[in-house]
Amino acid sequence: MQIRCALVGMPGSGKSTIGRQLAHRVGVPFIDVDHRLEQHLGMSIRQFFEAEGEARFRDEEAALLSHLAQQPGGMVLSTGGGAVLRPDNRSVLRRFGHVLYLRASAEEIYKRIKHDRSRPLLQVGNPLDKLRELYAQRDPLYRETAHFVIETGRPTVSTLVNMILMQLEMAGGVESSEPEPSRDQQG
Numbered sequence: 002m003q004i005r006c007a008l009v010g011m012p013g014s015g016k017s018t019i020g021r022q023l024a025h026r027v028g029v030p031f032i033d034v035d036h037r038l039e040q041h042l043g044m045s046i047r048q049f050f051e052a053e054g055e056a057r058f059r060d061e062e063a064a065l066l067s068h069l070a071q072q073p074g075g076m077v078l079s080t081g082g083g084a085v086l087r088p089d090n091r092s093v094l095r096r097f098g099h100v101l102y103l104r105a106s107a108e109e110i111y112k113r114i115k116h117d118r119s120r121p122l123l124q125v126g127n128p129l130d131k132l133r134e135l136y137a138q139r140d141p142l143y144r145e146t147a148h149f150v151i152e153t154g155r156p157t158v159s160t161l162v163n164m165i166l167m168q169l170e171m172a173g174g175v176e177s178s179e180p181e182p183s184r185d186q187q188g
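Per the working numbering, residue 2 is the first one in the sequence shown, and the count goes up by one each step.
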């Protein structure tokens, strides 16, 4: 199977976890854009935010997305939560392949990540209010960018991966590596 897709969504929506399993299931590389950025920058995103600011980080993120989009072959990209903030990134992602918005409410996300100190935008007095604010700002951009919206509320990771594969197959976004049987071989 060959797929080429990007996962977008709020911080904590499951992009890395689901993306890793999806890539493994279909045998294509998994690229976590935030992890790749940290390797390139030589520091954590939080440290880079503090040292250089968000605008400079978004420049680095845009350059990496553009570079990855030019790479051939199947892959699953897990983007950072704010990757959709720039119009150029949204169009790069849509040209890259199928874009899946992993949608979860601010409340669901808060339950998942309330103890995670590595997320720079959530190191505020009231992280749930911040998540609600980010959600209100970003949800329309995720929807604009995405070919599919996948609700991540209750299902298990493997169920979500199956749902994604079914969506991609129906959309013709999954190429089978096995040849189709010819008409005379079909019963």
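Beta carbons are placed, not taken as given, at the ideal position from N, Cα and C, and that holds for glycine.
Distance, GLN124 Cα to ALA105 Cα
Within the model, the alpha-carbon separation for ALA105 versus GLN124 is close to 20 Å.
Please tell me whether, using a cut-off of 7 Å, the distance from the CB of GLY13 to the nearest non-hydrogen atom of the ligand SAM is below it.
Because no ligand of any kind appears in the structure shown, any question about the ligand SAM cannot be addressed here.
Going by beta-carbon coordinates alone, are LEU78 and THR146 separated by less than 8 Å?
By the CB criterion at 8 Å, LEU78 and THR146 fall outside the cutoff.
Distance, Cα to Cα, SER178 vs LEU161?
At SER178, the pLDDT of 47 sits below 50, so the modelled position is not reliable; the number obtained from the coordinates is stated separately. Looking at the backbone, the Cα of SER178 and that of LEU161 are separated by about 22 Å.
Among ARG5, ILE4 and GLY15, whose alpha-carbon lies nearest the alpha-carbon of ALA107?
Closest by alpha carbon: GLY15.
Just to confirm, are PHE29 and GLY75 a CB contact at a threshold of 8 Å?
The question names Phe, but residue 29 in the sequence shown is Val. With a cutoff of 8 Å on beta-carbon distance, VAL29 and GLY75 are scored as near each other.
Residues near ASP1 by beta carbon distance below 7 Å, same chain, minus five either side
Given a span of 2 to 188 for the chain in the structure shown, any question on residue 1 remains unanswerable.
Can you name the start and end residues of the alpha helix (DSSP H) that ARG57 belongs to?
For ARG57, the enclosing alpha helix (DSSP H) has its first and last residue at 55-70.
Between the CA atoms of VAL100 and VAL85 - distance to the nearest angstrom
Cα to Cα, VAL85 sits roughly 11 Å from VAL100.
Take every Cβ of the stretch 10-25, pair it with every Cβ of the stretch 151-167, and state whether three or more of those distances are shorter than 8 Å.
The stretch 10-25, when compared against the stretch 151-167, does touch it at the 8 Å Cβ threshold.
Considering just the uninterrupted stretch of the alpha helix (DSSP H) at SER92, what are its terminal residues?
Element bounds for SER92: 88-97.
Residues near PHE49 in its chain [Cβ-Cβ closer than 6 Å; skip 5 each side]
So the qualifying residues of the chain are LEU42 and PHE58.
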